[in-house]
Structures are given as structure tokens and as C-alpha cells.
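Just below is one structure, and these are the notes that go with it.
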Amino acid sequence: MKRGPTLLALLRGARAHPGPASVATVTGLLNGATMVAGAAAVGWATDHVVIPALSGERVPPGDWWLSTLFVLGVSAVRWSTIFVRGVATGRVQYRAQADTRRAVAHRYLELDLPWFRHRSPGRLLAHAISDVDAQWSPMQFAFFACGMVFMLLLALTELFLRDVSLGLAGLALVVSVFTLTAVYQRLLTPRAREMQEARGLVAAVAHESIEAGPVVRSLGLIDAEDARFTANVQRLKRADMRMAAVSSVFDPLLELLPTATVLLVLAVSAPRVASGELSVGDLVGVIYLLITVSIPLNVISRFLSMLPMSGAGLERVRSVLDSTEVTAYGTADLPGDGPLRVATSTGLTLEPGTVTVVVGRVGSGKTTLLELAGGQRVPAGRTVCFDGVDVRYLARGVVAANVAVVSQDPFLFAESIRANLELSGHPSAEARDTAEVEEAAGRRPYDEGEIWGALELAAADEVVRELPGGLDTVVGERGATLSGGQRQRLCIARALLRRPRLLLLDDATSALDSRVEREVLGRIRDSGRTVLMTTNRPAAVAIADRVVLVEAGRIAATGSHEELMEIDEYRRLITAYEHGQEAAGDDRTQLAR
Amino acid sequence: MTVPSWLVKVLILALLAGAGRIIAPLTVQRVIDSGLATHTVGPAITVGAAAVLVAGVSSMLLNRGLQERAETTVAGLRRAGLRRVHEMAASRADRTPAADLVSRLTSDLDQMTTFLQGGGIQLVTSTAQLLIAGVIMSVYSWQLALPVLLIAGLLLAGMYLMQRLIGRRFARARQDLSGLQRVVAESVAGAAVIRSTGTQDRMRAKLDTAVDRARDSLIRTLPPLHGNASSGEIAIATMTVTVLLGGVWWALAGDGAPRLTSGQVVAMVFLVTFFVRPLQFLVQSLGEAQNALAGWRRAKQLVETPSAEVTDGVALPPGPVAVRVEQASARYGDGPPVLHQVTVTIEAGEHVAIVGRTGSGKSTFAKLLTRRLDPSSGTILLSGVPLDRLAPTAGRVVILPQDPFLFEGTVSGNVHRGDLSRTGDEVLRVFDDLGLRDWLHALPDGPDTEVGLRGERLSAGERQLVGLARTALADPDLVIFDEATSGIDPATDVAVQAALATLTRGRTTIAIAHRMITAENADRVLVFDAGRIVQSGPHHVLAGQEGPYRKLVEAWNRS
Numbered sequence: 001m002k003r004g005p006t007l008l009a010l011l012r013g014a015r016a017h018p019g020p021a022s023v024a025t026v027t028g029l030l031n032g033a034t035m036v037a038g039a040a041a042v043g044w045a046t047d048h049v050v051i052p053a054l055s056g057e058r059v060p061p062g063d064w065w066l067s068t069l070f071v072l073g074v075s076a077v078r079w080s081t082i083f084v085r086g087v088a089t090g091r092v093q094y095r096a097q098a099d100t101r102r103a104v105a106h107r108y109l110e111l112d113l114p115w116f117r118h119r120s121p122g123r124l125l126a127h128a129i130s131d132v133d134a135q136w137s138p139m140q141f142a143f144f145a146c147g148m149v150f151m152l153l154l155a156l157t158e159l160f161l162r163d164v165s166l167g168l169a170g171l172a173l174v175v176s177v178f179t180l181t182a183v184y185q186r187l188l189t190p191r192a193r194e195m196q197e198a199r200g201l202v203a204a205v206a207h208e209s210i211e212a213g214p215v216v217r218s219l220g221l222i223d224a225e226d227a228r229f230t231a232n233v234q235r236l237k238r239a240d241m242r243m244a245a246v247s248s249v250f251d252p253l254l255e256l257l258p259t260a261t262v263l264l265v266l267a268v269s270a271p272r273v274a275s276g277e278l279s280v281g282d283l284v285g286v287i288y289l290l291i292t293v294s295i296p297l298n299v300i301s302r303f304l305s306m307l308p309m310s311g312a313g314l315e316r317v318r319s320v321l322d323s324t325e326v327t328a329y330g331t332a333d334l335p336g337d338g339p340l341r342v343a344t345s346t347g348l349t350l351e352p353g354t355v356t357v358v359v360g361r362v363g364s365g366k367t368t369l370l371e372l373a374g375g376q377r378v379p380a381g382r383t384v385c386f387d388g389v390d391v392r393y394l395a396r397g398v399v400a401a402n403v404a405v406v407s408q409d410p411f412l413f414a415e416s417i418r419a420n421l422e423l424s425g426h427p428s429a430e431a432r433d434t435a436e437v438e439e440a441a442g443r444r445p446y447d448e449g450e451i452w453g454a455l456e457l458a459a460a461d462e463v464v465r466e467l468p469g470g471l472d473t474v475v476g477e478r479g480a481t482l483s484g485g486q487r488q489r490l491c492i493a494r495a496l497l498r499r500p501r502l503l504l505l506d507d508a509t510s511a512l513d514s515r516v517e518r519e520v521l522g523r524i525r526d527s528g529r530t531v532l533m534t535t536n537r538p539a540a541v542a543i544a545d546r547v548v549l550v551e552a553g554r555i556a557a558t559g560s561h562e563e564l565m566e567i568d569e570y571r572r573l574i575t576a577y578e579h580g581q582e583a584a585g586d587d588r589t590q591l592a593r
Numbered sequence: 001m002t003v004p005s006w007l008v009k010v011l012i013l014a015l016l017a018g019a020g021r022i023i024a025p026l027t028v029q030r031v032i033d034s035g036l037a038t039h040t041v042g043p044a045i046t047v048g049a050a051a052v053l054v055a056g057v058s059s060m061l062l063n064r065g066l067q068e069r070a071e072t073t074v075a076g077l078r079r080a081g082l083r084r085v086h087e088m089a090a091s092r093a094d095r096t097p098a099a100d101l102v103s104r105l106t107s108d109l110d111q112m113t114t115f116l117q118g119g120g121i122q123l124v125t126s127t128a129q130l131l132i133a134g135v136i137m138s139v140y141s142w143q144l145a146l147p148v149l150l151i152a153g154l155l156l157a158g159m160y161l162m163q164r165l166i167g168r169r170f171a172r173a174r175q176d177l178s179g180l181q182r183v184v185a186e187s188v189a190g191a192a193v194i195r196s197t198g199t200q201d202r203m204r205a206k207l208d209t210a211v212d213r214a215r216d217s218l219i220r221t222l223p224p225l226h227g228n229a230s231s232g233e234i235a236i237a238t239m240t241v242t243v244l245l246g247g248v249w250w251a252l253a254g255d256g257a258p259r260l261t262s263g264q265v266v267a268m269v270f271l272v273t274f275f276v277r278p279l280q281f282l283v284q285s286l287g288e289a290q291n292a293l294a295g296w297r298r299a300k301q302l303v304e305t306p307s308a309e310v311t312d313g314v315a316l317p318p319g320p321v322a323v324r325v326e327q328a329s330a331r332y333g334d335g336p337p338v339l340h341q342v343t344v345t346i347e348a349g350e351h352v353a354i355v356g357r358t359g360s361g362k363s364t365f366a367k368l369l370t371r372r373l374d375p376s377s378g379t380i381l382l383s384g385v386p387l388d389r390l391a392p393t394a395g396r397v398v399i400l401p402q403d404p405f406l407f408e409g410t411v412s413g414n415v416h417r418g419d420l421s422r423t424g425d426e427v428l429r430v431f432d433d434l435g436l437r438d439w440l441h442a443l444p445d446g447p448d449t450e451v452g453l454r455g456e457r458l459s460a461g462e463r464q465l466v467g468l469a470r471t472a473l474a475d476p477d478l479v480i481f482d483e484a485t486s487g488i489d490p491a492t493d494v495a496v497q498a499a500l501a502t503l504t505r506g507r508t509t510i511a512i513a514h515r516m517i518t519a520e521n522a523d524r525v526l527v528f529d530a531g532r533i534v535q536s537g538p539h540h541v542l543a544g545q546e547g548p549y550r551k552l553v554e555a556w557n558r559s
């Protein structure tokens, strides 16, 4: 990443917040000026008060007051500009940061699901948090550095005005500091990247290993995990030390360079002061200036040193913001509110109000078919029509308002049960009055009756009643404080509450007792919705109007349960347990012998 | 108590580095005081140059040495920390959020590196510089040093108080930032649900609130932070005026010759800057130092968590494992008891099925046997050895949960972890033994198919198949299946279970069942209800008796 685009991005960020940015710029420049003025004040006081007074001359009282005022006045401007500049700079930085964060997070809500499949959640989190931090981190020094560049120019001008050779010494100092900084950066950047990478790997391995805790214990993988982790830890240590090897040389070098210059200036100027070409005050002012110059040089170096990291952050943030894998929407609506009729180009048709069950072996593509027919993910070259309308022509939000999904991995937000069920309110009914509009963003909120009704349908009412806070119980991240079966029931309740015209259940009852499962499925069947579900339980086909058998990613057969029983593969799947019983019986007799 | 030699070395280097940095004003003083006489300039500058050299070289050595030492310790802490995570009591590991443990091994310790690279060493040299400058000032003129030290004291006190306020506001900001992280993580993890329910607006509002809150609390740290930074300037200005004018006044106040030369006064002004700058730096980096130390302590805390592994414990006798549970009760944290004085014996080589409704205590029972939970009372013996005196049983007692964890990598790589001493061919043979050959080769890259993070590229059922193969390779003497095939289709399930029955012949197995076939295949069925074992016996016997098992069987048959 070149510095140009990074600087440009910083500038754009500053311009987006003109108020604090202009305050920071003005105070930054003022502050730079006071540093030069401060050196002049000390020099003036030395020449007009200290030296004459101590060499026995009478110093007029006015000069005493003037030097006091001069030093203190300059200082007052300096510290107040430090304060104001700092606060204004921080405002620009944190506001720009928040804007970018918001943009990234909003983008995540628009991107297609396949886009997520290729990226780990940790990486996505890093884009929104640490990459945005990195992108804006140079901002904290930007206005300071601006003022310091101004100050350097002023200081150099003053040096040249006093004496050309002093000016040249100052210039030499500035040039050598920037040269050193450039070399330093060149050495540091690849090492910093290496360190960042090594940190990422250490974090990834640590995270995986800790999440895998039960497996590691159970299978005795501690040594293997230690070896895997150690390799990465050592790599990080080496990367850290390679950084240290560079910084331990350059940091003192940069720090001591001004001091070395002061000594050089002394050596050169001493004879000239002795000969009266330079006043002692001039020399004192110059030395003071040279020492003070170390601060701006330091700040400018730090600003420049943050640019590569910022550029890398910017690049990663852009990769999110510029990604084009967003879902396209049409403008069509789905009128009516009865159960949907679904027709897919793969030959599967769901008649309104019927229950269709997809069966097939592990990995045969049941979920893929469910997602296609439900209009959740329609691959190129396939089409799905709801009530005769191609899903791709439907307006934004129409599919979500008409279809409800319960997936294999039941997900709950870390909020109250009530919030998890209600979400944004009823998806297709408009709010009835303005109070409700404010409550649920234009959608009609549910009443208690509707909520408990849905919970009962999903056999989740017991679950909620037994929780300490009832509907207001806040669940853990991803619903972690509940068992798999409880989560499944709540997710089913959430889907039913939405009164979907098409309900998709992806092996959504796997963690329920068979008695509860039968009750829930029975009630879903009686609700008269169009239902498409996958299952690994043979019993569930009992509620099916039609059964679809998938094999190796395609639909192998469709029909009623009785019709499909003619097909070997289907019969094998459905009656597996009955055969298994006989086989196991044999097994046991063998053992008994 | 002996001082370690590295510490002596650090102290010497720090003093040298600090001293070297103060030579400049001394040289200036000498040269100006001598009236810039040519014969004093030469030696003074030579001394100054030498001092700068000493400061530079000792700083470099100090930098290198301290970082090497710190990094070695950090690496050691990371390793020891991860090991301890796997060795601590399982119940403790389960209670602690993974993110917390990870941060103790990563970002908390990274803070130490960042601190050392970003001015931590300077903190050491600054302290030395501060001390030396203070001493020299006092030697120069204690009368001038006194007001300077007084102002410094006031500054220090003020900055310290302010630093505490900054600390509080930053703590708040960190809290809001981690809140923001949680919301972003949720919006990513719940991406599918948010899309399918069309609730992007709701999530967007939630994200906006979190983003704004973090921004606002960061902005609230600004006034005290920069108030502190600017207060140093006020102190420097006051000190400069005091030294310049006060110095002249004091020098002339006595009778006769001035008590100070102009060079001394000027040098004193320099000394003031050399005194205050490190002071300012010190106070400002104290916060960072505190952060780095806090991170260090958090890592240290983890490493010092007691290990639950029984050193010099009794090894599990070879061969199939017998289980004896006596009057065992269990509860989660301070919650109500979920198992009540359960007593049961499972013979070595017996195949047992556990059935019962959700919440009847089945999974808790499995947790007791695998030490994921310690009983609140009662004892558990494996092959006659009480659990708390048993040496690690890794690989011999294995539990296969409903959602087995898969490592990022290939399918065969994951199975290989069941027993790393096996060869690649043996790994592939396990798939054949379980009748999973066809499934394996139908995967995009066969055994080399990448499973993705946590195995998320596979379906729930496929993850269970990999878990089964891994357990089969481990070939344990006691294996507990906790609804391990719930996501697998019936045909594959039956085939796999039959294969497992052959593989585990002669081993002890305990299967928590949600399907009747598992219960039918077992030698014995244990029926759990409300935390107690209410029935025990073979399927055909229990099915013929009045009782909860019969009701379950009826439900299974009807479904």
C-alpha cells in the first residue's frame, strides 16, 4: 500500500468532520508556533535579564516583568493548544472510526451468505474492529504532525536568520532524522507485518485448541496441541525479536541525534561567540531550539510510521466495503396471505398447504434442496417460483416476510426470549398506530396471546415457564445457556409466530423426544401451511403429503410414502431401524453363546 | 535475598543511559560558564560526545536484553497457559468463556510486547534520567532545586489523580468496545437468521447503538487524557520562570559577588527540561505500564490455576473398564441438584443404553464419568480406582458428544487425531471398517476434503460421522456416546452402529439414546427420570413391565 492513498483517506476522514478538524488544524499550527516562540522567550530572558543582572548591570523592572510574561504567556498558549488540539483530534479520530465501523457492519448485513462461508468469523470481526482501528490510528498524530512541520519550517527559518551555519546544522539534523526514519520504516514494515501474522496464527491456534478442550482431554492430545502451539509461539517470539533488533538500534539513535547536534553546534559556535560574532543568548536559543526539535521530529516519525499499518487496515476494510456479492432484489410483491405454492426448476413442486418431507443419506444434498425451494439460496441456472412469481423478481424483504426457516443449528441472539421471538414484530402486517410504529420500526408488535400460542405449538411453553425470568430471561451468546432441545423449540416458536406462508424445517426436531416431536409436527401439519422439511427420523414421514428422496445431490424420486416404498433406497432408509433390530438381535444371541 | 545478575545489569545500563542523556546541559554549562574559552570547549565536547556514545550503546544493550528476557518469559507463559487450560478442572474450563482464556494467552501478553517496543524501555531510562537530573540539580544549587522539586511534586500528584480518572474512563471504553465486538460477532454468527427473517434493520439499529456507545465513551477519555498532557507544560513554564528569574534574584540577594553565574542559571533551565520531560513521560506511560502488567498478571493467573491432573495417580488397569457409581449427586454451580444419589454398577465389557426424557440427568451422568463435572457427593470408581486418584485416562475413556468438535483441516487429519501413532492407511481403514467408504469418496476431495473452521463446511450429520471415525481409531476401553448419531440418516446410522458394535466388542460402552434401536441393541437399559435411575434391565424385560420405559417404547412405536 502506497502512502498516497492512505494519506488521502485520512484527509477525507478529516473533511467528513470539518468542525473538530479545523479546530485541531488551527491549534496544531498555533502550538507549532509556540514552540519556536518558547525558545525565543528563554533566549530573550537570558540576554536581557539573566546575563546583565549577573554581570552586575542594572536591569529595569519592566524587563523582569516582560520576560516573565513572555515565558508564561507563550506557555499558556502552548498548553491550551495542546489540550484543545488533543480533544479535537480525538473527536475526529473516533468519529471517523465509528463511521467506518458502521459502514463495515452494515455491509455485513447486505452481503450474500456464500461470501461468509469463505471467511472465518474471527477475520470478519477483525475487519470491523482492529482493521478500522489501524486505519484511523495515524489520525491521532495527524494534526500534531501538521503543526510540527510548520514549527520545523519556522525553526529552520529562524536559525538561518540568526546565522547561516546554524541553519545548515539544523537542516542537517532534520534531513538525517528523516533519512533514518525512512530506513527504519523500510526495515520495520515487513517485520511488523510478520509479527501481525504470527499473532493472528497464535490466536487462531489458541482459540481452536481451547474450543476443542473436551476432545483434547478425551483423546489425550495435550502434547500434540502443545507442539502445534509452541511452533507458532516460537515463530511469534522470533518475529517480536526481529522487531526488537531494529527498534533497539534506531530508537536510541533517533533520540540522541539532537543531543549530538547540540554538541556539534557548540564546538562550531564557541569560537564565534568568543569573537563576538554570536551572542550567548543566540547560542542558548539555538541550543534550546535544537533540543525542542526532537519532539516534532519524534511526532512526525511516529505519524509516518503508522501509515503502512493504516494502509493495510484500509485495504482490508475496503475489501469488505467494495465487495459486490450482495443479493439483488426485484420489485414484485406476493399478494394474498394463504399458503404458498412453490415450483422449482429441479422438478419439485409444493402444493399450497401440503407437507413435503425430504429424505436422503448424510451428505446427499437435503439442505441444499431445502434452501433452493425456500428461495433462501438460488444458484445460477436454477429458478424458484412462489405462486408463479420468480423469487429473483421479488422485492427486498418479501421472501423473509413470507418464509420462515428453522435450521440445523438453532441460533438465538444474546437477548431476552421475548426479543428473540418478536424480532422486529410481525413481518407482513403494518403497525396499527403510531405508538406501535416507534416500538417496532413500522411493524405490528405481537401480543402476549400470539407469543404464548406460538410457544405452545412448538412445545416451548413449558421451557419458558421454567426459566427464572420467563419470557424476559436473557439467554447467553448464541443461546448457549439453553440446551440444544430448548433452543430448537424456541426457534420453531419464532418461525411459527411469524405466520409464514412457507415453513422450512431443516432437521429441526433432532434434539426433541420422539413424543414431543410427534406432537409438534402434528400441530404444524394441522396449521395448513406449506411445509418443506428434511429429517433423519423415519417417523416424520408419517405427516408427509409427499416425500422427496434425494441421492447424490439430485431428486431421485417424488411421491407418497406408499409409492416410494417401492424404491429400494427409500425403503432401506425408512425401515433401517426395523432391519437393524433383527441384525442386533442376531448379534446378541451370538454374544450370549 | 540476592539480586539476580540480570537485574544488576539492567540497573547499571539504565543509569549509564540516563547519565549520558544529562551530559548535554552540563557541557553547555561548562562551555558557557567558562566564557566559551577555547581551551574548555574541546575537553567539554569530548566528554559530551563520549557520554552520548555511552548513552546510545547502553540504551541499545538495555533494549535488546530486556526485550529478549521479556519475550522468552512471554513465550513460556503462553505455552504453560495453554497446557494449563487443558489440565485444569474441566468444570472450570467449561465455566470460563473461551474468548477470555484466548485473550489471556494472546492480546493480554501482546500488550507487554507493545509496551516494551513503544516506550517501555524509555520508562526505565527516564526513571534513571529523572533521578540523576534531580541529584545534579540539588548539587548545583539546592536552593533552586527546592522549588523545582516542589512543583514537580504537585505535578506528580495532580497527574496521578487525573490518571486514575483516565483509567476509569478507559476501563469503561474497553467494556463498551468488547460489547461492540459481541454485537458484531453476533451479526456475523447470526447472518443466516437475520437474512431469513428479514430483520436487517433491527440488527443495524443494535449495531449503531453499540458503535455510538463505544465512540462516545472513547471521546469521554479525551479531556482528562489531554488535560494531563498539557499540565506538564504548565509545570515546565512555571519552573523555567522560577529558575530564570528566581535564580537571578537569589544570586544577587546576598552581599558581595553573585552566588550563581549566568551559565549555572542557564544550565539549570536545561536541567529542568531534562527533569520534567521524563517525569511527564513517566506519568503518561504509567497507564500503559499498568495495562501491560495487568495483562501479564492475567496470563500468570491462568498459569497458576491449579491443575486437575492427578500426579502420581493410579493408572487405569488395562482391559475393559468397569464402572461403579456410589450415591453420586450432582449440581451445576449453586443450582438445584440434577442427580440424586445415583448408585449403579456397569460391568467391564457391558454395553449399556441410557434413556430418559430431556432434563432427566442423562448427560449429567455422562459428565460425571468423564470428569467434566465433579459429583457434589458420592464416589465414582473406574475399574476399582476412585476418579480423584486416577491418573489421566486420555484415549482410554472417550466421550463422543452430539456435536463433536472438528479441527480446521482435512477429514482424515481430524480422524488421525484419534490416535496420532497410527499410519495414514490405518486411518483410511477405519472408514472402511465403519462402512463409510462410499460417503468418504463422495466428498469433494475424499479423505482430503477440508472441513473448514469447526467443521462448518460439513453438515451436522457429517460432523458426527467424522467424530465416530475418530473415536473408533482411538479404540478406547470405555466409550460414552451422547446422542452421537442424531443427525445421521437411519440407513447410515444402522450401518455405523452395527460396525461400532463389532469394533467395541469386549469394550465397555454407554450410549445415551434417543432411538429405540440403541436401547434394543444394548445388554442393559438404564432409565433416568428426574435425576434418578428408575429402571434397569434388558430391553425385552423392561418393555414387558409397567413403568416409564414401557411408555417410552410406546411413544417410539407410535412415532
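Line order of the protein sequences matches chains F and S. Using UniProt numbering, the first residue of the first sequence is number 1, and each one after it goes up by one. Using UniProt numbering, the first residue of the second sequence is number 1, and each one after it goes up by one. Every residue, glycine too, gets a C-beta built ideally from N, C-alpha and C.
query	result
With a cut-off of 8 Å, does the C-beta of His48/F fall near any C-beta of chain A?	Looking at the structure shown, chain A is missing, and the protein chains on hand are F and S.
With a threshold of 16 other CB atoms inside 10 Å of the CB of His351/S, please say whether the residue is buried or exposed.	buried
What residues of chain F sit near Gln402/S, judged by a beta carbon separation below 9 Å?	Gly484, Ser510, Ala511
Between Phe143/F and Ala9/F, which are expected to be in contact by the criterion C-beta below 8 Å, what is the C-beta distance as a whole number of angstroms?	Rounded, the Cβ-Cβ distance is 16 Å, inconsistent with contact.
Give the residues of chain F in contact with Leu26/S, contact being defined as C-beta atoms less than 7 Å apart.	Within chain F, no residue comes near Leu26/S; the closest Cβ sits about 11 Å away, beyond 7 Å.
Rounded to a whole number of angstroms, what is the C-alpha to C-alpha distance between Val325/S and Gly313/S?	19 Å
Please report the residue range of the alpha helix (DSSP H) in which Ser126/S lies.	121-140
Could you say which of His17/F, Ser510/F, Val541/F lies nearest to Arg525/F if we only look at CA atoms?	Val541/F
Please give me, in chain order, every unbroken run of the beta strand (DSSP E) with length at least 3 that falls completely inside the stretch 135-175 of chain S.	none
Give every residue of the same chain whose Cβ lies closer than 7 Å to the Cβ of Ser345/F, excluding the five residues on either side of it in the sequence, and list them in chain order.	Arg382, Thr383
Looking at the structure shown, is Pro538/F part of a helix, part of a strand, or coil, going by DSSP?	helix
If we count the other Cβ atoms within 10 Å of its Cβ and call it buried at 16 or more, is Arg186/F buried or exposed?	exposed
Counting only Cβ pairs nearer than 8 Å, list the residues of chain S close to His106/F.	Arg204, Leu207
Note down, in chain order, every chain S residue with its Cβ under 8 Å from the Cβ of Glu211/F.	Ala98, Phe405, Arg454
What are the boundary residues of the beta strand (DSSP E) that Phe70/F is part of?	Segment 61-110 is the alpha helix (DSSP H) holding Phe70/F; no beta strand (DSSP E) there.
Can you find a C-beta in chain F that's less than 8 Å from the C-beta of Ala491/S?	yes
At least one CB of chain S closer than 8 Å to the CB of His207/F: is that the case?	yes
Between Asn536/F and chain S, is there a C-beta pair that is closer than 8 Å?	yes
When the Cα atoms are used, what is the spatial distance from Arg396/F to Gly198/S?	9 Å
By the 9 Å beta-carbon criterion, what residues does the stretch 346-379 of chain F contribute toward chain S?	Val359, Gly360, Arg361, Val362, Gly363, Ser364, Lys366, Thr367, Gly374, Gln376
Using a Cβ distance threshold of 8 Å, determine whether the stretch 489-499 of chain F contacts the stretch 389-407 of chain F, with at least three qualifying pairs required.	yes
Quick check on the burial criterion: 16 or more other C-beta atoms within 10 angstroms. Buried or exposed for Gln67/S?	buried
Specify, as a first and last residue, the run of the alpha helix (DSSP H) that Ala89/S falls within.	Per DSSP, Ala89/S belongs to no alpha helix (DSSP H) and is neither H nor E.
Going by other Cβ atoms of all chains shown within 10 Å of its Cβ, with 16 needed for buried, is Lys551/S buried or exposed?	exposed
Using a beta-carbon distance cut-off of less than 7 Å, what residues from the stretch 123-145 of chain F approach chain S?	Leu124, Leu125, Ala128, Ile129
Does DSSP put Asp482/S in a helix, in a strand, or in coil?	strand
What does a CB cutoff of less than 7 Å around Tyr577/F pick up in its chain, not counting 5 residues either side in sequence?	Pro538
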